[in-house]
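K.L.:
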Amino acid sequence: MNKCSQIVAGAAVSLFAGAASASLIIDNSTSGYYNDSLGDLASTYGPNSLFFPGANVSEGDPTQNPIAEPTLDQTSELGGWLSGDFTNSEWQGPRAIPPTWAVNTETAVAYEFTLSESSYVNVNVGVDNGIYAWFNGDYAFGAMRSGGAFANEYSFGTTLSAGTHYLQLLREDHGGSTGYIISATAVPEPATLALMSLGLLGLGFSRRKA
């Protein structure tokens, strides 16, 4: 590779490194809106609900990944949470989000965050037992499994524009214990363009050398 090529490649690497830096926007220390008034939704939507198995693993301890968006039309305690409305008296916060909650019950969590530019938001979450997730009310992911909560157990994300957004989560449990670990990062969209540019530069240099 000649000196000119090295300079251009170096500039591309610098561009990519700067653009691709991920910013932590949510973790277990992040405050959010919290609702622990839902009780056991298996008793509301069961028996044999796909989304909320019976208490104390009475209807099994399923592994499902992914799961479709749950029906929540009989859960008035949530209010207009998927529209960013947390004025319902059952909502608390913003406050610290507890990593555990009452066994055999469901809880809802919502984080508000602001992006200064269009970014890809990636969420890594571990939960005992299940999780349902929305961005700004649009369903993004759902899964459940037996066992405890592990970091990076599940990963999902989407691209969001600059502005204020909400990550809304419904935590599910059907026996044993509860647990919750979360980490969310935002990577500015130019990182994608920088990566493509770097790849094209490399391809061009290879062809010239050949």
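According to mature numbering (1 follows the signal peptide of the UniProt record, and there is no 0), the residues represented by the sequence shown are -19 to -1, 1 to 191, in order.
We treat Cβ as the ideally placed atom computed from N, Cα and C, and that holds for glycine.
Could you pull the DSSP bridge partners for Y135 from this structure?
P.N.:
Looking at the DSSP assignment, Y135 forms a beta bridge with V106.
K.L.:
For E170, name the three-state secondary structure that DSSP assigns.
P.N.:
In this structure, E170 counts as coil in the three-state DSSP scheme.
K.L.:
Residues in its own chain within less than 7 Å of L63 by CB, not counting five upstream and five downstream?
P.N.:
Hits under 7 Å: W115, G118, Q149.
K.L.:
Do the CB positions of E87 and L151 come within less than 8 Å of each other?
P.N.:
Taking 8 Å as the Cβ cut-off, E87 and L151 qualify as a contacting pair.
K.L.:
What separation, rounded to the nearest whole angstrom, lies between the Cα atoms of T44 and S30?
P.N.:
Taking the straight line joining both Cα atoms gives about 14 Å.
K.L.:
Going along the chain, which residues of its own chain have a beta-carbon closer than 7 Å to the beta-carbon of A121, five neighbours each way excluded?
P.N.:
Answer for A121: A114, W115, F137, T139, listed in chain order.
K.L.:
By a C-beta neighbour count over all protein chains shown, 10 Å radius and 16 as the cutoff for buried, is P169 buried or exposed?
P.N.:
It is buried - the Cβ of P169 has at least 16 other Cβ atoms within 10 Å.
K.L.:
Report the residue from E98, G111, P171, G13 whose alpha carbon sits nearest the alpha carbon of F67.
P.N.:
Ranking E98, G111, P171, G13 by Cα distance to F67 puts G13 first.
K.L.:
Can you pull the DSSP bridge partners for D119?
P.N.:
Its beta-bridge partners are F116.
K.L.:
What first and last residue would you give for the alpha helix (DSSP H) that runs through L151?
P.N.:
Looking at the DSSP string, L151 is not in any alpha helix (DSSP H); the run it does join, the beta strand (DSSP E), is 144 to 153.
K.L.:
If you reduce the DSSP assignment to three classes, tell me which class A23 lands in.
P.N.:
Three-state DSSP puts A23 in a helix.
K.L.:
What do you get for D54, buried or exposed, if any count of 16 or more other CB atoms within 10 angstroms of its CB means buried?
P.N.:
Exposed, by the Cβ-count rule.
K.L.:
When you compare only the Cα positions, how much space is there between G65 and T145?
P.N.:
Rounded to the nearest angstrom, the two C-alpha atoms are 10 Å apart.
K.L.:
Flag A23 as yes if its beta-carbon sits less than 8 Å from any beta-carbon of chain C, otherwise no.
P.N.:
Of the protein chains in this structure there is only one, and it is not chain C.
K.L.:
Please work out which residues of its chain come closer than 8 Å, Cβ to Cβ, to A3, disregarding the five sequence neighbours upstream and downstream, and give them in chain order.
P.N.:
If we look at A3 and ignore the five residues flanking it on each side, its Cβ neighbours are N103, T166, A167, V168.
K.L.:
In terms of residues, what are the limits of the beta strand (DSSP E) holding P43?
P.N.:
No beta strand (DSSP E) contains P43, which DSSP labels as neither H nor E.
K.L.:
Indicate whether I112 and A132 have their beta-carbon atoms separated by less than 8 Å.
P.N.:
No, the Cβ-Cβ distance between I112 and A132 is not below 8 Å.
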